Amino acid sequence: MDERKASRRTSVRAALAVATLLVLGFGTYFVLDAFAVGSVTFRYVDEVVPKKAELQGRRLKVSGAYVAGSREPAGPGKTTFTLEKSGYRLAVLADDAALPAGFDLPGRDVVVDGSLDASGVLRATTITTGCPSRYEAQRR
Numbered sequence: 001m002d003e004r005k006a007s008r009r010t011s012v013r014a015a016l017a018v019a020t021l022l023v024l025g026f027g028t029y030f031v032l033d034a035f036a037v038g039s040v041t042f043r044y045v046d047e048v049v050p051k052k053a054e055l056q057g058r059r060l061k062v063s064g065a066y067v068a069g070s071r072e073p074a075g076p077g078k079t080t081f082t083l084e085k086s087g088y089r090l091a092v093l094a095d096d097a098a099l100p101a102g103f104d105l106p107g108r109d110v111v112v113d114g115s116l117d118a119s120g121v122l123r124a125t126t127i128t129t130g131c132p133s134r135y136e137a138q139r140r
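Encoded structure:
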């Protein structure tokens, strides 16, 4: 009987050791993945503009207010527009297909996911906007 108990304890300890190693391994992976080079940095326009050179080529989520009248065609299937915060302005280049309906209401909060090119333009991959009900109340 004592031999069985000892064998069982050894098996339980081995299973616990394996489980602990798995948990630590997955935990380490998730922590390192969160800080990976490809991770997204959230910034506001007034934080991005002064650091354009430093942030060039990095994947960013940038938030700002749409500047009224700044939307212009930029070639087939492309549009440029400007975001603003605290007096800082940032040009955005986006595929027309990425533009959500009604994003171009004056002052509307817009979040652009993309990367800064060499000329300091934010090349958008996805664009989201703030809650439309907020802007409906402002128009009344």
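Number 140 marks the last residue of the sequence shown (the working numbering); no jumps.
Just so it is clear, CB atoms sit at the ideal spot from N, CA and C, and this is done for glycine as well.
Since this is a predicted model, take the numbers as computed values, not measurements.
Could you please give the first and the last residue of the uninterrupted beta strand (DSSP E) stretch that includes L90? Here residue 90 refers to the residue found at position 90 when the sequence shown is read from its first residue. Annotation for L90: the continuous beta strand (DSSP E) segment containing it runs 88 to 95.
Just verifying my parser: in three-state terms, what is the DSSP assignment at P73? The residue labelled residue 73 in the question sits at position 73 within the sequence shown. It is a strand residue.
Does the region 40 to 59 come close enough to the region 112 to 120 that 3 or more CB-CB pairs lie under 8 Å? They touch, by the three-pair rule.
So, under 8 Å CB-CB, T79 and P73 are touching, yes? Tell me the CB distance rounded to an integer number of Å. Counting from one through the sequence shown, the residue named residue 79 turns up at place 79. Counting from one through the sequence shown, the residue named residue 73 turns up at place 73. At roughly 6 Å, the Cβ-Cβ gap stays under 8 Å, so T79 and P73 are in contact.
Opposite A124 in the DSSP bridges: which residues? As a position in the sequence shown, residue 124 is number 124, starting the count at 1. BP columns for A124 point to G114.
Quick check on L21: does DSSP put it in helix, strand or coil? Taking the first residue of the sequence shown as position 1, residue 21 is located at position 21. Taken through DSSP and simplified to helix, strand or coil, L21 comes out as helix.
Buried or exposed: L122, going by 16 or more other Cβ atoms within 10 Å of its Cβ? Your numbering for residue 122 matches position 122 in the sequence shown. Flag for L122 reads buried.
Does the contact criterion of 3 or more C-beta pairs under 8 Å hold for the region 91 to 99 versus the region 46 to 56? The region 91 to 99 vs the region 46 to 56: no contact.
Taking only the alpha-carbon atoms, compute the straight-line gap between V110 and T20 and give it to the nearest angstrom. Stepping through the sequence shown from its first residue, residue 110 is reached at position 110. Stepping through the sequence shown from its first residue, residue 20 is reached at position 20. Each residue's Cα considered, the two are about 44 Å apart.
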